[in-house]
Every structure is written in C-alpha cells, then in structure tokens.
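The opening position of the sequence shown corresponds to residue 11 in the working numbering, with each subsequent residue numbered one higher.
Notes follow once the structure below has been shown.
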Amino acid sequence: MNQRGDSDIGFLVFLLLFAGTCAVCDTSDKVEETNERLARIEKLLEQQARTSPAPPMDMRVPNPPDPNR
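Structural data, given as structure tokens:
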C-alpha cells in the first residue's frame, strides 16, 4: 500500500482507539454518578423510614360468622 493509505489507516485506528477510550471513561463516570445518586436516595429513604410515623393499623372489626351457614 502507498504511504498515504498507510497513514490514513493509522489515523483511523488512532481515532477508533481514542473514541473507545473516551466511551469507557464516560461510561464509568456515569456509573459512578448513578451509584452516588442511588446511595443518596437510599440514605433519604432510611431517614424517612426512621422519622415518619408508623402506618395506621387496620382497626376494622371482622364480620362475625353468619349463624345461618
């Protein structure tokens, strides 16, 4: 192959490697961001569970058995 073609291929390989590296870095940053968000949400839910009152108990009286059955 001629010199021009070799340099074009080398440049394309460089671009692909560079793009792949950036994609991996970008993805890992997003994963880290998501994990931080999930940790904050988990912490907020735990705080809410500790500070919120217990749900009201079901105070309904069950129906007495039907004597005609």
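By construction, the Cβ of each residue, glycine as well, lies at the ideal position given by its N, Cα and C atoms.
Where residue i sits in the DSSP three-state scheme
i   : result
N45 : helix
D76 : coil
S17 : helix
D39 : helix
R50 : helix
R70 : coil
Cβ-based neighbour list, residue i, same chain, cut-off 6 Å, excluding 5 preceding and 5 following
i   : result
N12 : Because N12 carries a pLDDT of 49, less than 50, the predicted location of this residue cannot be relied on, and no value is offered for it.
Cβ-based neighbour list, residue i, same chain, cut-off 8 Å, excluding 5 preceding and 5 following
i   : result
R47 : none
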